[in-house]
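For reference, the structure is listed below as structure tokens.
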Amino acid sequence: MFIILLYEINSTEEISSKNIDTFILTNLRIKGLSFEKNNRIFYSYIKRLSLYQVIVFKKSIPPFLFFKSLYENEIFFDKDYVVVYKNKNLFYYQKLENEFSISDISAFLKQRLGLENIHTSDISKTKIDKNKKYNFIKPVKSYSFRYFIIYFFILLILFSSFEFNNKKNRTNFEEIKRSNKDLKKQLEFYSVSKELKEIFSFAQTNNSKIASIILNNSKIKVQIESKNKKNIYAFFKKLDKNSIENIVYDKEKERFIGDAIYEINRR
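Per this note's numbering: the sequence shown = residues -9 to 257.
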């Protein structure tokens, strides 16, 4: 029996391969997930929904990742869940809470995922492809910030040496500047991750709930919910009081909902 945890992480664009592990792990830790060394994490970016679907496997890897797909796009049905394959690999997982007809589920998934020409298959009649492989995220401790500090001091020493030697080291200094610029780009995501963590911390302090966070270039769009309107004002005041777009009362949820957009402080 496999145990999985399912998450959705909003993102208006697909994260680069060098930053995706940090992005996924940071968001999962913000959601309060603790990892074990045998955990494996699968993710897929769904452009139509502007989000990542993330599946955390707590124990064994389930067989639904290794179905032998005969079509480019294929839906595999089981009594408890449905999986969608795109380009013959796992793309989307949907747990079934109620009984629906295969045609209804297929129509729903086609519309939701924006896929056409999807073939439907019964899991009980599907073979396993033992050669199919995936690149899972393996939760490990991140040393990126520590590397940044070490690299910073190395740059500082090199820069001091340049000042001492003046013209003789001008070429080296230009190389250092380029290296520093590249490093800032590589570690830019560290600052974003830190700000996301602060946002969730502020919300928890003010008895509020983060409804959604969307990253868009240099801006973060935040939607927050709370039963007390003052909590929302206090939350946005800590971030940026001028960032508030609107605050409304949702009668169905019996909560106030606030939206704000503010610039990311890339350090």
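Think of the CB as a built atom: it goes at the ideal place given N, C-alpha and C, for glycine as much as any other residue.
Between which two residues does the beta strand (DSSP E) carrying Tyr223 extend?
-> First-last for Tyr223: 219 to 229, but that is the alpha helix (DSSP H), not the beta strand (DSSP E).
Exposed or buried, what is Leu105 when buried is set at 16 or more other beta-carbons lying within 10 Å of its beta-carbon?
-> With 16 or more other CB atoms across the displayed protein chains lying within 10 angstroms of its CB, Leu105 is buried.
CB Thr2 to CB Asn206, shorter than 7 Å?
-> Their beta carbons are under 7 Å apart, which means Thr2 touches Asn206 by this criterion.
Go to Leu15, then tell me how far its alpha helix (DSSP H) extends in each direction, as first and last residue.
-> Here the alpha helix (DSSP H) through Leu15 covers 10 to 20.
Extent of the continuous beta strand (DSSP E) to which Asp94 belongs = Looking at the DSSP string, Asp94 is not in any beta strand (DSSP E); the run it does join, the alpha helix (DSSP H), is 92 to 103.
Closest to Thr195 by CA distance: which of Asn121, Gln213, Lys228 is it?
-> When only C-alpha atoms are compared, the closest one is Lys228.
Tell me, which residues are paired with Asn77 by DSSP?
-> Note: Asn77 sits in no beta bridge, so no partner.
Return the bridge partner residues of Asn63 from the DSSP annotation.
-> Residue pairing for Asn63: DSSP places it in a beta bridge opposite Lys76.
Taking Asn29 as the reference, which of Leu60, Phe67, Ala97, Lys49 has the closest Cα?
-> Among Leu60, Phe67, Ala97, Lys49, the Cα nearest to that of Asn29 belongs to Lys49.
With a CB to CB cut of under 6 Å and the five nearest residues on each side skipped, what residues in its chain are close to Tyr(-3)?
-> For Tyr(-3), the CB contacts under 6 Å within the same chain, skipping 5 residues up- and downstream, are Val44 in chain order.
Per-residue DSSP class, three states only, for Phe126 | Correct three-state label for Phe126: coil.
Looking only at DSSP bridge pairs, what is Thr110 linked to?
-> Bridge partners of Thr110: Ile65.
Taking 8 Å as the threshold, find out whether the region 203 to 222 comes into contact with the region 238 to 247 through three or more Cβ pairs.
-> The region 238 to 247 and the region 203 to 222 touch, with three or more beta-carbon pairs separated by less than 8 Å.
Is the region 67 to 75 touching the region 109 to 121 in the sense that three or more CB pairs, one from each, lie closer than 8 Å?
-> Verdict: yes, contact present.
Are Ala201 and Glu215 closer than 7 Å when you measure CB to CB?
-> In this structure, the beta-carbon distance from Ala201 to Glu215 falls below 7 Å.
Nonlocal neighbours in the same chain, by C-beta distance under 8 Å from Lys100, ignoring five residues either side | Within the same chain, Lys100 has close Cβ partners Glu106, Ile108.
I think Ile(-6) touches Pro52, with their Cβ atoms under 8 Å apart; what is that distance to the nearest whole Å?
-> Ile(-6) to Pro52, Cβ: 7 Å. Contact.
Below-7 Å beta-carbon distance, Ile14 vs any chain D residue = Among the chains in the structure shown there is no chain D, since it carries only a single protein chain.
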